[in-house]
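Numbering (our numbering), first residue to last: 26 to 270.
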Amino acid sequence: MRELKPDLMIVAAYGMLLPQEVLDIPRLGCINVHTSLLPRWRGAAPIQRAIEAGDAESGVTIMQMDIGLDTGASLAQAKCAIANTDSSADLYNKLLDLTADVLPQVIDDIAEGKAICTRQDEAGVTYARKLSKQEACLDWSETAVQLDCKVRAFNPWPVAFSTLDGDNIRIWQAQAVTTVDNNALNKAAAPGTIIKHHLESIEVMTGSGSLLIKQLQLPGSKALSARDILNGKAERFAVGRCFGQ
């Protein structure tokens with residue numbers, strides 16, 4: 026790298042900290058493209074954690090790198106809304122477009138000595154810890170909104186799942202319903218219980234509200250719509266059966 030004598034180094038989605046001796050090589054320093062509105066969601070999985078937390082917006086921060094974990098001064102930020110249907114893949118693509126818009130101007134500003142560095146407010150720091158497969162197992166005692174956020178956050182990896190008859194059923198798409206029909210079955214249904222079949226979804230009771238499962242995947246099969254699953258395996262997802270058992 027020293028032999029290349031770079032003017033500027035740009036880092037994106039690099040999972041390790043650069044040591045100071047590397048940061049010192051480029052004449053104009055090193056900058057990082059971070060997919061959150063720093064100081065919120067420093068760390069490994071900012072896109073997924075923003076969706077999981079139910080954040081209304083996200084964005085891109087172009088940051089002057091230092092030896093800390095996403096602690097450097099901000100050079101520019103661009104924001105976008107997080108739709109209540111966005112998966113991590115959807116938000117990634119939005120942030121990719123934002124980066125293409127904002128990064129060239131930051132590079133020009135650095136080259137011309139016009140870049141303005143703004144220190145991060147430590148009071149707003151949150152950390153986006155690395156994802157694990159284990160946390161993708163749904164806890165049906167959580168609210169429908171929380172579960173919907175997790176399904177979207179963990180798509181396309183590690184993919185939310187729940188057990189049924191000892192098998193892991195992967196859940197790719199879902200939708201929260203905050204009010205549930207107040208009939209006798211629903212009153213008695215434990216979280217995780219299938220309470221209704223719809224044309225395009227399987228409705229499951231949660232700790233508060235219900236979750237409409239729209240796309241799911243059985244072991245050894247590809248992901249299918251709920252309609253296709255019900256057409257072929259309705260008995261396996263019969264009303265009254267319970268996920269998590």
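Virtual Cβ for every residue (Gly too), placed ideally from N, Cα, C.
Minimum C-alpha distance to residue i - residue among the options
| i | options | result |
| --- | --- | --- |
| C267 | I72, K239, G54, I194 | I194 |
| G265 | I219, D91, L224, E225 | I219 |
| P183 | N256, T96, W197, L189 | W197 |
| L163 | D206, V131, S187 | S187 |
| P244 | A259, A213, L189 | L189 |
| I238 | R144, A185, P44 | A185 |
| N208 | A199, G217, K221, Q200 | K221 |
| A38 | Q45, I87, A81, P31 | I87 |
| A106 | L123, T96, I92 | L123 |
Residue burial classification, residue i (beta-carbon count within 10 angstroms, cutoff 16)
| i | result |
| --- | --- |
| T60 | buried |
| I254 | buried |
| E147 | exposed |
| G191 | exposed |
| S226 | buried |
| E228 | buried |
| Q159 | exposed |
For residue i, the first and last residue of its enclosing beta strand (DSSP E)
| i | result |
| --- | --- |
| D192 | 192-202 |
| E228 | 227-230 |
| K25 | Any question about residue 25 goes unanswered here, given that the chain covers just 26 to 270. |
| E82 | 82-89 |
| V58 | 55-59 |
Same chain, Cβ closer than 6 angstroms to residue i, neighbours up to 5 away in sequence not counted
| i | result |
| --- | --- |
| T151 | R65, W66 |
Supposed contact pair residue j and residue i - C-beta distance, whole angstroms, cut 8 angstroms
| i | j | result |
| --- | --- | --- |
| Q12 | A161 | As shown, the chain starts at 26 and ends at 270. That puts residue 12 outside it, with no answer to give. |
| W47 | M26 | Going by the sequence as given, residue 47 is Val instead of Trp. That belief holds up - the Cβ atoms of V47 and M26 are roughly 7 angstroms apart, short of 8 angstroms. |
| K104 | L62 | 7 angstroms |
| A78 | G40 | The Cβ separation is near 21 angstroms, so there is no contact. |
| L249 | L241 | 7 angstroms |
| I56 | L33 | 7 angstroms |
| L29 | V85 | Contact flag wrong, Cβ pair sits at about 26 angstroms. |
Where the alpha helix (DSSP H) containing residue i begins and where it ends
| i | result |
| --- | --- |
| N180 | No alpha helix (DSSP H) holds N180; DSSP gives it neither H nor E. |
| Q130 | 113-136 |
Below-8 angstroms beta-carbon distance, residue i vs any chain C residue
| i | result |
| --- | --- |
| R74 | Chain labels in this structure do not include chain C; a single protein chain is all it has. |
Neighbourhood of residue i by C-beta, 8 angstroms cutoff - its chain only, sequence neighbours within 5 removed
| i | result |
| --- | --- |
| V36 | L43, C55, I56, N57, V58, M90 |
| A114 | N180, P181 |
| C142 | Q89, A98, S99, L100 |
Spatial neighbours of residue i in its chain, beta-carbon cut-off 7 angstroms, leaving aside the 5 residues before and after
| i | result |
| --- | --- |
| L94 | L42, R67, G68 |
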